[in-house]
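Protein chains in written order, with the numbering used here: chain A, 12 to 556; chain B, 4 to 335; chain C, 85 to 404.
Even for Gly, the Cβ is constructed at its ideal location relative to N, Cα and C.
Note that the coordinates shown come from a computational prediction; the quantities given were computed from them, not determined experimentally.
Take a look at the structure set out below.
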Amino acid sequence: MSPMNAHDGDMPPVLEIRDLRVWFKNDEGEDVETVRGISLSLAPGERLGLVGESGCGKTTTILATLGLLPANATVGGQILFDGEDILAGGDATVRPHRWKDIAMVFQGAMSAFNPVKTIGWQIEEALRVHGFDARGVPARVRELLGLVGLPEGTEKRYPHELSGGMKQRAVIAMALSCEPKVLLADEPTTALDVVVQHQILQLLVELSDRLGLAVILVTHDLGVVAQSCSRAAVMHSGDIVEIGQVSQLYHEPASDYTRALFEATPDINSVAAADRRSVASDAAPLLSVQDLRVRYPGKHEHLAVDGISFAVERGEFVALVGQSGCGKTTTLQSIMGLIPEATGAIDVSGTSALSSRRADRRRLRSLVQPIFQDPYESLDVRFTVADTLEEPLLIHRVGGNRRERLEVIRGALESVGLTPTEQYLNRYPHQLSGGQRQRVAIAAGLVLNPALLLADEPVSMLDVSVRSGVLKLLAELKDREGLGILMITHDLSTAAEYADRIVVMREGRIVETGAPDEIVNHPSDPYTQLLIDSIPSPDPGLAAA
Amino acid sequence: MTAPGTTVFSLPKRRRSTDRRRGALATALRQPSAIIGLSIIAAFVLMSIFAPLLTPYSSKAVSCGVFEPPSAAHWFGCDDGGIDVLTLVLEGGRVSMWVGFTAAAIAIVIGSAVGILSGYFGGWVDTVLMRITDYFLVIPQIVLMIVIAAVWGPSLGHVIVVIGALMWTATARIVRSQVKTLRERVYVRRVEAIGGSHLRIIMRHILPQLGPLLAASGVLAVTVAVFNETALAFLGLSDPNAITWGVIMERAFTRAAISTGAWWAIVPAGIAVALLILGCYLVGRAIEDALNPRLKISHLALRTWAIRPLGSTEDAKPRAPRKSPTEKGAGS
Amino acid sequence: MHRGRYIWRRTVFALVTVFVAVTLNFVLFRVLPGSAVSRMSRVPGASAELKAALERQFGIDKPIWEQYLLYLKGLATGNLGVSFSNRQPVTSNLAEAFMNTLPLVLTGTLLALAIGILLGVLSAVRRGSVFDHTMTNISVMFYAFPTQFLGAMLLIFFAGVLPSAGMMDPFAVALSPGEQFIDRVRHLILPVATLTLTLYAEYLLIMRSSVLETLGEDYVLTARAKGLSRGRIIRSYSVRNAMLPTVTMIALALGTVVSGAILIEVIYSWPGIGRELYQAVLQRDYPMLQGGFLVITITVIAFNYLADLAYAWLDPRVSD
Chain A
12 MSPMNAHDGD MPPVLEIRDL RVWFKNDEGE DVETVRGISL SLAPGERLGL
62 VGESGCGKTT TILATLGLLP ANATVGGQIL FDGEDILAGG DATVRPHRWK
112 DIAMVFQGAM SAFNPVKTIG WQIEEALRVH GFDARGVPAR VRELLGLVGL
162 PEGTEKRYPH ELSGGMKQRA VIAMALSCEP KVLLADEPTT ALDVVVQHQI
212 LQLLVELSDR LGLAVILVTH DLGVVAQSCS RAAVMHSGDI VEIGQVSQLY
262 HEPASDYTRA LFEATPDINS VAAADRRSVA SDAAPLLSVQ DLRVRYPGKH
312 EHLAVDGISF AVERGEFVAL VGQSGCGKTT TLQSIMGLIP EATGAIDVSG
362 TSALSSRRAD RRRLRSLVQP IFQDPYESLD VRFTVADTLE EPLLIHRVGG
412 NRRERLEVIR GALESVGLTP TEQYLNRYPH QLSGGQRQRV AIAAGLVLNP
462 ALLLADEPVS MLDVSVRSGV LKLLAELKDR EGLGILMITH DLSTAAEYAD
512 RIVVMREGRI VETGAPDEIV NHPSDPYTQL LIDSIPSPDP GLAAA
Chain B
4 MTAPGTTVFS LPKRRRSTDR RRGALATALR QPSAIIGLSI IAAFVLMSIF
54 APLLTPYSSK AVSCGVFEPP SAAHWFGCDD GGIDVLTLVL EGGRVSMWVG
104 FTAAAIAIVI GSAVGILSGY FGGWVDTVLM RITDYFLVIP QIVLMIVIAA
154 VWGPSLGHVI VVIGALMWTA TARIVRSQVK TLRERVYVRR VEAIGGSHLR
204 IIMRHILPQL GPLLAASGVL AVTVAVFNET ALAFLGLSDP NAITWGVIME
254 RAFTRAAIST GAWWAIVPAG IAVALLILGC YLVGRAIEDA LNPRLKISHL
304 ALRTWAIRPL GSTEDAKPRA PRKSPTEKGA GS
Chain C
85 MHRGRYIWRR TVFALVTVFV AVTLNFVLFR VLPGSAVSRM SRVPGASAEL
135 KAALERQFGI DKPIWEQYLL YLKGLATGNL GVSFSNRQPV TSNLAEAFMN
185 TLPLVLTGTL LALAIGILLG VLSAVRRGSV FDHTMTNISV MFYAFPTQFL
235 GAMLLIFFAG VLPSAGMMDP FAVALSPGEQ FIDRVRHLIL PVATLTLTLY
285 AEYLLIMRSS VLETLGEDYV LTARAKGLSR GRIIRSYSVR NAMLPTVTMI
335 ALALGTVVSG AILIEVIYSW PGIGRELYQA VLQRDYPMLQ GGFLVITITV
385 IAFNYLADLA YAWLDPRVSD
């Protein structure tokens, strides 16, 4: 399966996966093969990336390595640790190796800890169970927490008292407690903010170097792999399509799939002063936000948005970038008129979004259309595509009868590229892929002929290869229909690739506004610089600072 | 944006659950336990509909001796007044089930109204309604029912209203928490953002999603209502003129059926109650379990994953899973 | 850190609930149309002087709010009026009955909790096994039996073997203290068995599904990756976390304990508070009914409050 395992070098591998196959019994009782005979070997101290899109079998692979698959799984092949097949005797032969030899870090740091025990107790437990000398345990716990940069006293705290980044550090500390030789890290940074993500990744790399720890890093993000691993395996529907040095994969990928994956990954470093639309018209802008403030009263009174002003022109794609909690979502909701606490002025093509008049609100509802983050949840599962698209028309009483409405619906489906429309009209959401669902959600906004689209992280939950399609569609809609688009995102590199203008927000304020190449290449604010530095580039030659 | 609190494991899980919610009720009702439960309920409903045709004797007139044991003529024997027990149980079933289902319906209507208002609008509406619910939850209902029934006087109507009006709290809580999560669903927010009215959102997007949940809590409410009816009847607080299962048991008990050894005067009614409750419970439980995605995965199952020996991978060959023609319609 | 605030809020809630119950008690008996006091003439066998005494006691001639204040004042001094039937103060009647109820209800509930929780955990961790199926099916069966029916069946089966009525043998006065104790225990067996069988099924099913829910949690997977043994994961992870919803649900199921206890006391002629309530209903003894309602309600509120405290102790996350 892996003819070009380039690392058949000097040292014997610490971990070797040989022809691993995994079948899952589905509800109909058939075995479905999700991992189709993959082979990998990991040298001591080596960092290997396992890359692929959701459902490709990468998580299953590492769960199988540690014998953690559910009961409906059947496993074939061998997992060799130091040359010994640990899978041969089932759970019984894997267990002695867990944590002592092979430890694991899960993506769900939020829920990886037992919520009713302290962090210290849980690390101690691992030490005690694996026969660590009881007298040294408390000191060892403190040492471990120090190793991952957590302050003293963390061992006495409960999981819910730590932030996401701190929890992930604590998870790593726990994983290192028994001095394993191999660490399996499953999307260790995905749920975290980009700056924190960068710190955790650096920590992992540093610890692996210092402790001689071999790491398999499972991720969907090529940038993460390029910045932290020397070798990578690309997985696609249960097979390894390509394995090799990261630089080789980046510069001369042998497989089309790898190439497509790299092409779809935006690279912040390749943002050039491209021919962006410089929309400078004398007419009033489509959307103008003046001195918007949102103060949430109550026990935890705080200023979510602190006096921001910006504008979006017709036919302009503006990205509002910032980390979670920076106020970008509140801003978006204020423009939709959903935040009664908002003060200041928001004007959408002559209509005030903060007005409480019924007629204004009604007009606003058809002028401004939202696109939400999660395409799996943005459609009612009991509605067909046609029903979903008809609903806004019914609400706003557009079209006299179903036939007229169907005309509008067909038009909208065509403009989002779901053709031939007949194929889609009567489908239910579960019969559509993620990208198609997001297109349907966009079409549901378009039927009302809006002037402004408000997109809330429209692609963050989609696979990389689908993202560019949806973003290109948005860019196309803006050019073709003259729509204004305001997109909020935490991902500066995506924003830089598609937006005409970028607005960077932090703690309720705008820190910087400008064209993407200016922002990326000549940021004027240190926070913007920090954001840029935190983004892992898919080009392994460009080390993140 | 809040960092998506999803994990590798929850992501595919959630997708699957939204996909399948369409058929949650249908899947649940295909479980063997649900089929047994449904059959029991159906049998009881049929029996009470056709009770007048099925009853062998009159429930008013004496047809045999006092506490006559079961015989070919009187399958379940006779009670202290020489009345055929089978006839009593059949007729009592009509009234008991009427009480149970009506009271449950009242409870479900009140409970879902409170739950929807509370969960959908949140804020002070939620605070006020949930405070009221909390008080009702804490105060022991059976005692309140006893007091109200005692003060108002015994009548079937009172019993139904009292049971129904005090039993809604559990439904209200479940519905509220479900509506709260539905409220946060992206498609609900989307319809809200395009200007859909609250009424529209509730009727078109929220209520239909609650269907299976309401069905489950409805049948479970029937069990509680029937229980409460028999308890009230046993304490002499049911309508003295109506025969219910509870009344049959109460009469048998107060008229010394037990010390006489006339078990047949009490057993048929007791078993009937138990069977109906069993049926409702099995159905309600099957639906609730099907709705609970957290029951679907277990990291600690008794059986662990299996090993397929290396050699056998060839003959298994599930590489390109292709359904046989007969299975084609099974699922898409 | 927030625990103090949480406990304070639950305390306030419990006190307010007591107040609500007290007021409800007043409203039910005096304000509602067709309520007890306006129907006092229907009190069976009431003499003219009793009626006059009642009117004085309830202050019927006074406006409602003044009656309410009078009622609260009476409560504050522990005066719940005089029973119609035995002319004793309600308070002393109830105190005696309450003390009789306690051993029955406490033993039955604790036994049911122990059995239910233990079997619930075992069923959950052996989900799908023969043991699990047997246990859940048996408990669903017991769940479905009405308490009075279960009691009657036990009475029939154990007629002559075990005493079936009262708390002790009326002729036991002559016995030695040790024999008296054994006599009392023998009288307890059937009522306690009935209560335990009524209650354990619900606890088993609650515990089983709470444990099952934890088995899919990520922390259980992490615990397995840590190389912990099955038993350890079940103890420190599953059961420990499953206790949280279980405490809440068991507190919510206290109503079953109350109704079970009332029915059992009636069946076994146990001179406890439930039987007092039953007698009060039969004789339309409103002062007793009122008093019984208050005592039972306040006890349930108190146990709910204890459950809240237990929750705060079990879950480090409690805040608002």
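Residue contact check for N37/A against chain C: no CB pair falls below 7 Å. Secondary structure at H141/A: coil, using DSSP grouped into helix, strand and coil. If you draw a 10 Å sphere on the C-beta of W149/C, you find fewer than 16 other C-beta atoms in it, and that means exposed. Taking a C-beta cut-off of 8 Å against chain C, the contacting residues of the segment 144 to 172 of chain A are Y169, H171, listed in chain order. In the displayed model, L238/B falls within coil according to three-state DSSP, outside both helix and strand. Residue environment: K339/A is assigned as buried (16 or more neighbouring CB atoms within 10 Å of its CB, all protein chains considered).
Non-local C-beta neighbours of R270/A in its own chain, meaning closer than 8 Å and more than five positions away in sequence, comprise P264, ordered along the chain.
At least 7 Å separates the beta-carbon of L79/A from that of I113/A. The beta carbon of Y169/A lies closer than 8 Å to those of P126, V127, K128, T129, I130 in the same chain, with the five residues before and after it left out.
Between the alpha carbons of A236/C and S294/C lies a distance of about 33 Å. At a beta-carbon threshold of 9 Å, none of the residues of chain B lie near S50/A; the nearest stands roughly 13 Å away. Not flagged as an interface residue toward chain C: R180/A, since no C-beta distance is shorter than 7 Å. Contacts with chain A at 7 Å (Cβ-Cβ) do not include D392/C. Segment contact: the segment 140 to 150 of chain B against the segment 328 to 347 of chain C, three or more CB-CB distances shorter than 8 Å; contact assigned. With respect to chain B, the C-beta atom of T85/A has a partner C-beta closer than 7 Å. In this structure, the beta-carbon distance from L303/B to V304/C falls below 7 Å. Beta-bridge partners of F92/A (DSSP): L26/A, E95/A.
The segment 451 to 467 of chain A makes contact with the segment 373 to 385 of chain A, as at least three CB pairs between them are under 8 Å. For D392/C, no beta strand (DSSP E) segment is defined; the enclosing uninterrupted segment is the alpha helix (DSSP H) at 370 to 398. With contacts defined by Cβ atoms closer than 7 Å, I246/B and E71/B do not form a contacting pair. Annotation: L542/A is outside any beta strand (DSSP E); the continuous alpha helix (DSSP H) that includes it extends over 537 to 545.
Shown here for K167/A: same chain residues with a beta carbon closer than 7 Å to its own, the five before and five after excluded, namely T129, G131 in chain order.
In this structure, L260/A and G56/A do not form a Cβ contact; the two beta carbons are roughly 20 Å apart against a cut-off of 8 Å. Contact between G122/B and S180/B holds, with the beta-carbon distance rounding to 7 Å and staying under 8 Å.
Between the segment 343 to 363 of chain C and the segment 225 to 244 of chain C there are three or more inter-stretch CB-CB distances shorter than 8 Å, so the stretches are counted as touching. At least one C-beta of chain A is nearer than 7 Å to the C-beta of I197/B. At a cut-off of 7 Å, the C-beta of R94/C has no neighbouring C-beta in chain A. When Cβ-Cβ separations below 7 Å define contact, I166/B makes no contact with chain C. Residue-level contact check: T175/C does not touch chain A, since none of the beta carbons of chain A fall below 7 Å from its beta carbon. Taking the beta carbon of V189/B as reference, the chain A residues within 8 Å of it are F383, Q384, D385, E388, S389, listed in sequence order. L312/C and P549/A have their alpha carbons spaced roughly 38 Å apart.
Annotation: the continuous alpha helix (DSSP H) that includes R369/A extends over 369 to 378. At least one CB atom of chain C sits nearer than 7 Å to the CB of N125/A. Residue-level contact by beta carbon holds for G101/A and chain B, with a gap shorter than 7 Å. P275/C carries a helical assignment under DSSP once its states are collapsed to helix, strand and coil. Counting the other Cβ atoms within 10 Å of the Cβ of N412/A gives fewer than 16, which makes it exposed.
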